[in-house]
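Report on the structure given below.
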Amino acid sequence: MAERISGSSTEESPEPQPSTSRRRYKATNMAFEEIVEMVSILRREDYDGKKGPYTRPNMRKDKVMSSVVTALEAKFGTKRSK
Numbered sequence: 006m007a008e009r010i011s012g013s014s015t016e017e018s019p020e021p022q023p024s025t026s027r028r029r030y031k032a033t034n035m036a037f038e039e040i041v042e043m044v045s046i047l048r049r050e051d052y053d054g055k056k057g058p059y060t061r062p063n064m065r066k067d068k069v070m071s072s073v074v075t076a077l078e079a080k081f082g083t084k085r086s087k
């Protein structure tokens, strides 16, 4: 009977599988030039091509941050986490 208990406990705990999640980039400090470029993109009146006056500009800025990060990556060649 002791064999059944010990045998069943080893079957219940399978070996842990390696994680298949994507690699995350570690956040690093931005260079001054990158900060200046990001601020200049976001200060443009037409930074997302919608040709506003914008009623809620901060909401729109949140939606275009991914494209801003992509532009910074293309210009400076470093990946940044959000």
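The opening position of the sequence shown corresponds to residue 6 in the working numbering, with each subsequent residue numbered one higher. Cβ coordinates follow ideal geometry from the N, Cα and C atoms, glycine included. Since this is a predicted model, take the numbers as computed values, not measurements.
{"Item": "Range of the contiguous alpha helix (DSSP H) that encloses M35", "Value": "Segment: none, M35 is in no alpha helix (DSSP H) and carries neither H nor E."}
{"Item": "For R48, the three-state DSSP class (helix, strand or coil)", "Value": "helix"}
{"Item": "Candidates S72, M35 and N34, of which the one nearest I46 by Cα", "Value": "S72"}
{"Item": "Near the ligand MG: V44 beta-carbon under 8 angstroms from a heavy atom", "Value": "With respect to the ligand MG, the structure offers nothing, as it holds no ligand at all."}
{"Item": "Nearest-angstrom Cα separation, counted from M70 out to R48", "Value": "13 angstroms"}
{"Item": "N34 versus A79 - alpha carbon distance", "Value": "17 angstroms"}
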